[in-house]
Every structure is written in C-alpha cells, then in structure tokens.
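No gaps in the numbering here: position 77 of the sequence shown is 1254 in the working numbering, and each next residue is one more.
We treat Cβ as the ideally placed atom computed from N, Cα and C, and that holds for glycine.
To start, the structure under review is shown below, and the notes come after it.
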Amino acid sequence: MWQPFIAQWKRRQLVVAFGAMANGKKDMGSILASVSTNDGDSWEEPVAIFDHRIRQGAQQYGYANPVLFRPPGQEVIWCFAMRCPLNYTNSEDSHLTAAYTADGGRTWTQVELAMDYGGPLILNAGIEPVVVNGQQRYLLPAHRNTLQKDERGSRDHFVLSSSSLLEWRLESYIPQPSTGNKVFLHEGNIAPGDTAGELKIMMRTAGYEDASQTTNPPRAYSSVSKDSGRTWSPAQAEPDLHNAKSKSYYGRAKDGTHVYVYSDGPAQPAKGSRTSLRYKTKAPGGAWSEERTFYDAGIKNSYPTLIELAPGDFRAVWDSGTANTPRTHINFGRFRIKP
C-alpha cells in the first residue's frame, strides 16, 4: 500500500485514499478510500475508487497516486489519479482520470475528463486554487518521465490548469536551472509563496540523465510564479532543504508559516533510505528552522501528505513499513506547529 492522500469532509470526518498494489506490478493497482468519523481514532473498511480488476471494454487498467481535493464551498470530494494499461511494466505512461464522492467517501462515481494535454503524466501533490481575472482556476502539478523508455524522451515538470475540474489543459512548464546541469524535477508541491500574489513549487530531484543519482548535494529545488501559475522562474536549489529522491510535503499554514516534511537519509536503494521523517518550518519573512523529527520508529516511512484543519493543527498520512520492507501499511498522525 502506498502514497496516501487525505481530505476533510466534516469537522471530524476524514477521507484517505491510497494505492493497493497489484501482484506483479511495481507501482500500480487499485485506489481505495477509507473514512474516519472520529478524527482518525478508527477507520472504516476501505472501498474501491478505481478497481484494476474491472475491465474497460477490452482494456484493463492499473491506477496509481491518488490526489484528493474538496473545492471550497462544495459538498463533493474529487479524486484525481493516474490510469495506465495494466500490461505495462510500470505507471510511468499514465493519463489523468478522476472520480468524485458526494457522501463523504463511501461511494464514488468515475468521470471521463476532457484533456487538452495529451501526453503521459505522473501525479503526486495536491491541487492549488487560484483566482485569475476574478475567475476561479485550479492548478495541478505533474511531471513526465518518458526518457526512462525513450532516448528522445524528457523529464519535465509542468502544471495543468482547469476552471471546472473536468477539462484540463497544459498551463506551463517549470524551467530548468539557468546554470549548471539539468535536473530531474518531479513530484512538486504548489503553495502560496513568501509574498502576496506569489506561488512557489517545491520539487523532488534526481539526476536528469541518470535518475538513479541525486543532486550534489541532495537538495529540493523550487520555482516561483508571480502570475498565478502561467509562468515560472528557473528552478533553483534550496540550500536548507534535503531531498534524496523521495517525495516530500511542502505547504503553507494559515498563519503564513511554511512547512517542509521529508524523508531523511540517502537515496534508494541505499541502506537506511526512507526511514525517519523529518521536518522544517519557516516563519513569514524568516529562515528555515533546524531539522526536527516528524516520525521515527526504526521502520520505513515515505510520501507524507498533510492537511490543516485549524491554525497550526494538521492531520497527516504516509506509507509505512517494517525495518526492512517499505509500504506494508498506511500511517495516520496528528501534527501541530506553534506560531
């Protein structure tokens, strides 16, 4: 089980979606959802959002990387996910699919999206709502890794946009660093930036030509948009933020504090990789704090996702395992930061 995502339905009702691996596959299977009505103290039996066992005509699909989103003021939660032919070896060549729930996560209705972006994509982080010329718009970060199977492919990070959540188009690409080597920018989280009207995306990194390598030193890279996501600055290293080829969480709390949660240690498959989760915070206009412990139990932990329910009061989910085996179960936690 891997890559959970959390959303709130009511004051104490939470919904978590996560992947359940299909036998023989590396990173795809079904997407399940579980509901808690007591703020995470207990969880109901999971239900399927997308079931890889159900054929779509002659085609059978695997699914991966759910992203939950509840539009402000609406009584519905969306689940966006990757859909990939199940005969593929992995989910790198997926396309966007979606479903929604109107009863707090217990039943789901699948939706066929209208896509003006026709290439493959990989999801990871949540949707960021913005207002452009007085109209609501939604930004969905994604990337592609066609270079994995095609020497003329690419490893590009980009942003999709929609005004309806039904029709999506390519909004912009994240430019490569203006100097030095190209970087595999991926799995970025978008959040409001350091100044009014600014957006910032914080990205996982690896070597561009050789994705088994980290940057030197292993750092997250960021990019800034000052026009609601239509254009972005060249990516640059964040000297205070560790990233060794593992998804992190980046967001901004209601009081303006930025939060970065990440896996410490070396890159996979090195010994000791993706074990403890650490975090740093940054007050408005300040510097990043010293490293602190988010979760450390001597076992594998990765792919954290958080939501803020009240100022400084977060709920978190991540995939967890044993000392030697990753992704055997999903962990839930309550997390608070002080102003």
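Taking the continuous beta strand (DSSP E) assigned at residue i, which residues delimit it?
i	result
residue 1447	Where residue 1447 is concerned, there is no enclosing beta strand (DSSP E), given that its DSSP letter is neither H nor E.
residue 1439	1435-1440
residue 1208	1206-1213
residue 1184	1179-1185
residue 1514	Careful: residue 1514 lies outside any beta strand (DSSP E) and carries neither H nor E.
residue 1389	Where residue 1389 is concerned, there is no enclosing beta strand (DSSP E), given that its DSSP letter is neither H nor E.
residue 1225	1224-1227
residue 1191	1191-1198
residue 1347	1344-1350
For residue i, is the classification buried or exposed, using 16 other Cβ atoms within 10 angstroms of its Cβ as the cut-off for buried?
i	result
residue 1431	exposed
residue 1418	buried
residue 1280	exposed
residue 1355	exposed
residue 1340	exposed
residue 1422	buried
residue 1328	exposed
residue 1138	Not covered by the structure: residue 1138. The range shown for the chain is 1178 to 1516.
residue 1364	buried
residue 1424	buried
residue 1219	exposed
residue 1187	exposed
residue 1223	buried
residue 1308	exposed
residue 1297	buried
residue 1245	buried
Rounded to the nearest angstrom, what separates residue i and residue j at their Cα positions?
i	j	result
residue 1201	residue 1396	32 Å
residue 1348	residue 1338	6 Å
residue 1408	residue 1333	15 Å
residue 1318	residue 1490	25 Å
residue 1480	residue 1376	22 Å
residue 1514	residue 1487	11 Å
residue 1316	residue 1288	19 Å
residue 1411	residue 1358	13 Å
residue 1446	residue 1197	21 Å
residue 1248	residue 1379	22 Å
residue 1311	residue 1390	43 Å
residue 1209	residue 1361	30 Å
residue 1484	residue 1436	11 Å
residue 1282	residue 1393	42 Å
Between residue i and residue j, how many whole angstroms is the CB-CB distance? I'm expecting something under 8 Å.
i	j	result
residue 1184	residue 1254	5 Å
residue 1194	residue 1226	6 Å
residue 1204	residue 1235	In fact, because the Cβ distance is near 24 Å, the residues do not count as touching under 8 Å.
residue 1503	residue 1477	4 Å
residue 1229	residue 1239	5 Å
Is the closest heavy atom of the ligand NAP to the C-beta of residue i under 7 Å?
i	result
residue 1451	With respect to the ligand NAP, the structure shown offers nothing to examine, as it has no ligands at all.
Point to revise | Inside the stretch 1231-1312 only - alpha helix (DSSP H) runs reaching at least 4 residues | key: none
Practice item. Go through the stretch 1398-1437 residue by residue and report every complete run of the beta strand (DSSP E) that reaches 3 residues or more, in order. Key: 1413-1419, 1426-1429
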